[in-house]
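A.B. asks: Below is one structure. I have some questions about it.
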Amino acid sequence: MNADVEDQSRKPRSAYIHVPFCLHRCGYCDFTLVANRDHLIPQYLQSLETELSQLDGGVEVDTLFVGGGTPTHLSSDQLKQLFTLLQRYVRLASGGEFSVEANPDGLDQGRMQTLAEFGVNRISLGVQSFDDQCLKLLERQHRQDDAISAVQLASRYVSNVSLDLIFGVPGQTEDSWQKTLRIATSLPVHHVSTYGLTWEKGTSFHRRLSNGQLSRVAEETERNQYLFAIEHLSSSGFRHYEVSNFARPEFECHHNLVYWKGNGYYAFGPGAARYINGRRSTNIRSVPKWMRAVNAGEAFLEESECLTPEEKAREAIMLGLRLRDGIELEEFQRRYERSVQEIEPIALQRYLDTGLLEQINGRLRLTVDGLLLADTVTSDFL
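Mapping of the sequence shown onto numbering that gives the first Met the number 0: position 288 corresponds to residue 287, and the numbering continues sequentially without gaps.
Here it is, written out as structure tokens:
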């Protein structure tokens, strides 16, 4: 039997829960969320329970990730309702990773106590910057001091604190970015994700870019910011394990590794995307429409597709190359019954020749130059 078929026939060992509520939609954000509509939270929790109840007898997972939105926008009592639901239907295995996303604003001792009480052991804070000017431009509701306080508070309750940081922000100098990273590594932080600002269609940032109100950072500045992140975080004890992610030893995000390694996962909530038995499906993105469909017992999927063996293999290349360890070529061939060379010989040779990919000790991976063009390189294998 095809090894990948064997892998995909196993029940997933990971689950994602989408909590779509936020205080405010930032100008660069195109995630599935609703802002200032807290009256929908009780109905959301009811709909989520209805969706979760379709898990016959519940499931056990090794990683559980509650994202958004801002899950900690919910009150402590609402968080208790949410986590009680999860305990009923999605049981975390002993030693499992339980992550929750949070923003510095609104994160208080009561919420952190609730997270700790229900076994959350990893928190991902949407800090984005420790520069007040950048935070204001990004339309974040917190400032530098709030972010520092949130990190210190979170570290008293959970063993793994992760920060999201954004570079390539209009007006953000190299000095500003370096200051943000230095503050980050001076705090009790175990994981850092660094993302270049994206200009997604439909966001207010994209509209402001189009009409000249905002302008992109110079390509060289953004390049230098990313390279400094690699240099500084690596020299501060963080291992660069994925294009955008750095972790202290043993603190990698195991949930996200499930995605990058092409393994299956459950997902629940509006806009949530799952991958089970080789089929990818996505829930309705609109929060009210998702709730209506779930409560009426109607179909609540917006998209559903069964990947062909070729599509699975190509996606595995794209995702696997994002990991700094790259793709173990013999293992890839065993799992997908085709080599990377057979699947995309022209792109493979081109990027090896131009020094964007390298083959070392039976592994194929991006070079440092390749990291700077990761999206371009990896998309050519799809």
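Backbone N, C-alpha and C define an ideal beta-carbon position, used for all residues, glycine too.
Suppose the cutoff is 6 Å on Cβ atoms and the five residues either side in sequence are ignored; what does the same chain contact list for G325 look like?
C.D. replies: By 1-based counting over the sequence shown, the position of residue 325 is 326. Within the same chain, G325 has close Cβ partners R362, L363, R364.
A.B. asks: In chain order, which continuous runs of the alpha helix (DSSP H) of length 4 or greater are located wholly inside the segment 128-207?
C.D. replies: Taking only runs of at least 4 residues, the alpha helix (DSSP H) segments lying wholly in the segment 128-207 are 131-136, 143-154, 173-185.
A.B. asks: Do R278 and E304 come within 8 Å of each other at the CB atom, strictly closer than that value?
C.D. replies: Here residue 304 corresponds to residue number 305 of the sequence shown, with the count starting at 1. Here residue 278 corresponds to residue number 279 of the sequence shown, with the count starting at 1. Going by C-beta atoms, E304 is nearer than 8 Å to R278.
A.B. asks: With a 10 Å radius around its C-beta and 16 neighbouring C-beta atoms as the bar for buried, classify H38 as buried or exposed.
C.D. replies: As a first step, residue 38 must be located in the sequence shown, where it is residue number 39. H38 should be labelled exposed.
A.B. asks: By DSSP, does L85 sit in helix, in strand, or in coil?
C.D. replies: Here residue 85 corresponds to residue number 86 of the sequence shown, with the count starting at 1. Residue state, collapsed to three classes: helix.
A.B. asks: Around the Cβ of P19, are there at least 16 other Cβ atoms within 10 angstroms (buried) or fewer (exposed)?
C.D. replies: Within the sequence shown, the letter at position 20 stands for residue 19. Flag for P19 reads buried.
A.B. asks: According to DSSP, what are the bridge partners of Q358?
C.D. replies: Numbered from 1 along the sequence shown, position 359 holds the residue referred to as residue 358. Paired residue(s): L363.
A.B. asks: To the nearest angstrom, how far is the alpha carbon of L320 from that of A295?
C.D. replies: Residue numbering aside, residue 320 sits at position 321 when the sequence shown is read from its first letter. Residue numbering aside, residue 295 sits at position 296 when the sequence shown is read from its first letter. Answer to the nearest angstrom: the Cα atoms are 42 Å apart.
A.B. asks: Who are the near neighbours of T202 in its chain, counting only those whose CB is closer than 8 Å to its CB and skipping five residues on each side?
C.D. replies: Position 203 of the sequence shown, counted from the first residue, corresponds to residue 202. Excluding residues within five positions, the ones whose Cβ falls inside 8 Å are G26, Y27, C28, D29.
A.B. asks: What's the gap between the Cα of R334 and the Cα of Q108?
C.D. replies: Numbered from 1 along the sequence shown, position 335 holds the residue referred to as residue 334. Numbered from 1 along the sequence shown, position 109 holds the residue referred to as residue 108. Computed Cα separation, rounded: 46 Å.
A.B. asks: Using DSSP with H/G/I as helix, E/B as strand and the rest coil, what is H72?
C.D. replies: Position 73 of the sequence shown, counted from the start, is the residue given in the question as residue 72. Note: H72 maps to helix in three-state DSSP.
A.B. asks: Give the secondary structure of S233 by DSSP, where H, G and I count as helix, E and B as strand, and everything else as coil.
C.D. replies: Reading the sequence shown from its first residue, position 234 is the one you call residue 233. DSSP places S233 in helix when its eight states are reduced to three.
A.B. asks: Going by the DSSP bridge assignment, what does F64 pair with across the sheet?
C.D. replies: On the sequence shown, position 65 is the one that residue 64 refers to. Paired residue(s): Y15, S98.
A.B. asks: For R284, which of helix, strand or coil comes out of DSSP?
C.D. replies: Residue 284 sits at position 285 when you count from the first residue of the sequence shown. Coil.
A.B. asks: Could you tell me if A217 is buried or exposed, where buried requires 16 or more neighbouring beta carbons within 10 angstroms of its beta carbon?
C.D. replies: For this step, residue 217 is matched to residue 218 along the sequence shown. Label assigned to A217: exposed.
A.B. asks: Would you check if the segment 90-100 and the segment 117-136 touch, i.e. whether three or more CB-CB distances between them fall below 8 Å?
C.D. replies: Yes, since at least three Cβ pairs between the segment 117-136 and the segment 90-100 fall closer than 8 Å, the two stretches touch.
A.B. asks: CB-CB under 7 Å to L103, same chain, minus the five flanking residues each way: which ones, in chain order?
C.D. replies: Residue numbering aside, residue 103 sits at position 104 when the sequence shown is read from its first letter. Contrary to the premise, residue 103 reads as Pro rather than Leu in this sequence. Closer than 7 Å at Cβ, skipping near neighbours: L124, V126, H141, D145, A146, A149.
A.B. asks: Select from Q112, H72, S52, V58 the residue whose C-alpha is nearest the C-alpha of L385.
C.D. replies: The requested residue 385 does not occur in the structure, where the chain is confined to residues 0 to 381.
A.B. asks: If you follow the alpha helix (DSSP H) that R247 is in, where does it begin and where does it stop?
C.D. replies: Along the sequence shown, one-based indexing puts residue 247 at 248. No alpha helix (DSSP H) contains R247, which DSSP labels as neither H nor E.
A.B. asks: Following the continuous alpha helix (DSSP H) through Y335, name the residue where it begins and the one where it ends.
C.D. replies: Here the question's residue 335 lines up with position 336 in the sequence shown. Run containing Y335: 328-335, per the alpha helix (DSSP H) assignment.
A.B. asks: Just checking my contact of G68 with L32 at CB under 8 Å: how many whole Å lie between their CB atoms?
C.D. replies: As a working note, residue 68 is residue 69 in the sequence shown. As a working note, residue 32 is residue 33 in the sequence shown. Their Cβ separation, rounded to whole angstroms, is 4 Å, which keeps G68 and L32 in contact under 8 Å.
A.B. asks: For the segment 187-196 against the segment 214-228, do three or more pairs of beta-carbon atoms, one drawn from each stretch, fall closer than 8 Å, so that the two count as touching?
C.D. replies: Segments in contact, yes.
A.B. asks: Excluding sequence positions up to five away, which residues of its chain have a Cβ less than 8 Å from the Cβ of Q86?
C.D. replies: If you number the sequence shown from 1, residue 86 lands on position 87. Closer than 8 Å at the Cβ level, and outside the excluded window around Q86, lie F117.
A.B. asks: First and last residue of the beta strand (DSSP E) that includes R323?
C.D. replies: Translated into the one-based positions of the sequence shown, residue 323 becomes position 324. Here R323 belongs to no beta strand (DSSP E), and DSSP marks it neither H nor E.
A.B. asks: Does the ligand SAM have a heavy atom nearer than 7 Å to the CB of L162?
C.D. replies: Among the components modelled here there is no ligand, and therefore nothing to report on the ligand SAM.
A.B. asks: From M290, N255, V286, pick the residue whose C-alpha is nearest to that of R273; which is it?
C.D. replies: One-based indexing of the sequence shown puts residue 273 at position 274. Comparing Cα-Cα distances from R273 to each of M290, N255, V286, the minimum goes to N255.
A.B. asks: Check whether the segment 341-355 and the segment 284-294 are in contact - that is, three or more C-beta pairs closer than 8 Å.
C.D. replies: The segment 341-355 vs the segment 284-294: no contact.
A.B. asks: Helix or strand or just coil, what does DSSP make of V376?
C.D. replies: Taking the sequence shown and counting its residues from 1, one reaches residue 376 at position 377. Helix, per DSSP.
A.B. asks: May I ask you to list the residues that DSSP assigns as paired with R278?
C.D. replies: Working through the sequence shown from its first residue, we reach residue 278 at position 279. Beta-bridge pairing links R278 to I275, C305.
A.B. asks: Tell me, please, which residues DSSP counts as bridged to V339.
C.D. replies: If you number the sequence shown from 1, residue 339 lands on position 340. In the DSSP output, where bridge partners are listed per residue, V339 has none listed.
A.B. asks: Under a three-way DSSP split, which group does R90 fall into?
C.D. replies: In the sequence shown, residue 90 corresponds to position 91, counting from 1. Residue state, collapsed to three classes: strand.
A.B. asks: For the segment 155-164 against the segment 40-60, are there 3 or more C-beta pairs whose distance is under 8 Å?
C.D. replies: Touching, no, given that fewer than three Cβ pairs across the two stretches are closer than 8 Å.
A.B. asks: Rounded to a whole number of angstroms, what is the C-alpha to C-alpha distance between P169 and T179?
C.D. replies: Counted from its first residue, the sequence shown places residue 169 at position 170. Counted from its first residue, the sequence shown places residue 179 at position 180. If I take the Cα positions, the gap works out to 15 Å.
A.B. asks: Who are C21's beta bridge partners in DSSP?
C.D. replies: Here residue 21 corresponds to residue number 22 of the sequence shown, with the count starting at 1. Answer is A34, bridged to C21.
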